[in-house]
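Quick notes on the structure that follows.
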Amino acid sequence: MTFVCFRTARGFCELISLKMGTLLSSMKPTMSILARSAVLDFGIQWGLFAIAAALKTEKFYDLAGSSTFLLLTYQTLKWGGTFHFRQVVQSGMVGVWALRLGMYLFSRVLNEGEDRRFRQAKNNLGLFFFFWTMQAVWVWLTLLPTQILNAQTNDRPLTKRDYVGWGMFVVGLLLEIVADYQKAVFRADPDNTGKFINTGLWSISRHPNYLGEIILWAGLYISASSVMTGKQYLSVISPIFVYLLLTRVSGIPLLERYGLKKWGNSNLYQEYLKKTPVLWPKFW
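Our numbering numbers the first residue of the sequence shown as 744 and each following residue consecutively.
Set out below in structure tokens:
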């Protein structure tokens, strides 16, 4: 069902994108590709919003987001038409991240039966639409450096920035995978029902998975910047946006409030809050 919905929304958006061909062809190549990807991105999210609103379900929300990352990465690579080594490596990294996160979040919502972020939103059409629109913004802005990279026709030799950026991606992805795995194992143990995790990576950061997310997108900006010029460097908004989104809007603030509501009266939890940094570990 999810696959059919996604294919339908994608086909509709590609039709709109083709109709805009005359306008886009008058733009510079990079801007044309970015405009096409924006049309495709927002069209998919809004199309799937209509389906999700009709069904009053949020179950394929995260899967739609990760699938759109995959689609835009592939499409910008295809539209750019050069398939340089740097572009292929970076696009592959985004693909690995998107597949891993999409499968993890989709399986989690299926196991838990719902995503508590949407308990009120899916019954409020305006708020539900806002969530889907913000997902479109998240996808497009987060992927911006990679989209700019894939739009480049000229290649350059690999530099230290490429290796540093890709290294940061690997470190960030491993942090995210290990943190999610540790939490899944913790939750699967019946003895931990109703408890909070404070072991493994969660003993040095209250949100190590988000730390990994921030690091990996910063890394992909650094690697993509090796071929950027002029205003393209403004795509640094991508890792800044990810950082602000996770630390100020939807990630950490929501979970911190949830934790206080559930375990706020626990002395053990209060001690955990005092000793464990919110995000960045302290090794001194």
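Glycine is no exception: its CB is placed at the ideal position from the N, C-alpha and C atoms. From a predicted model like this one, the values you see are computed outputs, not experimental measurements.
Taking the CB atoms as reference points, tell me whether I898 and S966 lie closer together than 8 Å. Here the sequence assigns Asp to residue 898, which means Ile is not the residue at that position. No.
Pair within 8 Å by beta-carbon distance, W822 and I776: Against a cut-off of 8 Å, the Cβ pair of I776 and W822 comes out as a contact.
Among the candidates S978, E919 and V907, whose CA atom is the shortest distance from the CA of I957? Selected option, being the one with the closest Cα: E919.
Could you give the DSSP three-state label for W945: helix, strand or coil? In the three-state reduction of the DSSP assignment, W945 falls in the helix class, which pools H, G and I.
What whole-angstrom Cβ distance do F803 and A795 have, given they're in contact under 8 Å? With a Cβ gap of about 7 Å, F803 and A795 count as contacting.
Identify which residue in I940, A864, T885 and I787 has its Cα closest to the Cα of V837. Taking each of I940, A864, T885 and I787 in turn and checking the Cα distance to V837, the smallest one comes out for T885.
Could you tell me which whole alpha helix (DSSP H) segments of length 4 or greater appear in the stretch 823–857? Every alpha helix (DSSP H) stretch that sits fully inside the stretch 823–857 and reaches 4 residues is listed by chain position as 828–855.
CB-CB under 7 Å to F849, same chain, minus the five flanking residues each way: which ones, in chain order? Excluding five sequence positions before and after F849, the CB atoms of its chain that fall closer than 7 Å to its own CB belong to D805 and L806, given in chain order.
Starting from D905, trace the alpha helix (DSSP H) both ways and give me its first and last residue. For D905, the uninterrupted alpha helix (DSSP H) segment begins and ends at K903 to A931.
Between F1026 and L963, which are expected to be in contact by the criterion C-beta below 8 Å, what is the C-beta distance as a whole number of angstroms? About 25 Å separates the beta carbon of F1026 from that of L963, a gap too long to meet the 8 Å contact definition.
Go ahead and pull the three-state DSSP assignment for K1018. For K1018, the secondary structure class from DSSP, reduced to helix, strand or coil, is helix.
Any idea what DSSP makes of I940, helix, strand or coil? Coil at I940, not helix or strand.
Beta-carbon contacts of G994 that lie in its chain and below 6 Å, excluding the five residues immediately before and after: Excluding sequence neighbours, G994 sits near Y953.
A922 beta carbon less than 8 Å from that of P888: At a Cβ-Cβ threshold of 8 Å, P888 and A922 do not count as neighbours.
Rounded to the nearest angstrom, how far is the Cβ of S809 from that of A841, given a contact under 8 Å? Between A841 and S809 the Cβ distance is about 4 Å, and since that is below 8 Å, they are a contact.
Are at least three pairs of beta-carbons, each pair with one atom in the stretch 970–981 and one in the stretch 990–1004, less than 8 Å apart? No: the two stretches stay apart, fewer than three of their Cβ pairs being nearer than 8 Å.
Out of curiosity, what's the CA-to-CA distance linking L815 and H827? Roughly 17 Å separates the two Cα atoms.
Reducing DSSP to helix, strand and coil, say where G962 ends up. Helix, per DSSP.
Is the separation between the beta-carbon of F929 and that of I940 shorter than 8 Å? Less than 8 Å divides the Cβ of F929 from the Cβ of I940.
Please work out which residues of its chain come closer than 6 Å, Cβ to Cβ, to P1024, disregarding the five sequence neighbours upstream and downstream, and give them in chain order. These residues qualify, in order along the chain: I947 and S948.
Out of Q1013, V852 and L813, state which residue places its alpha-carbon closest to the alpha-carbon of W883. For W883, the nearest C-alpha among the options comes from L813.
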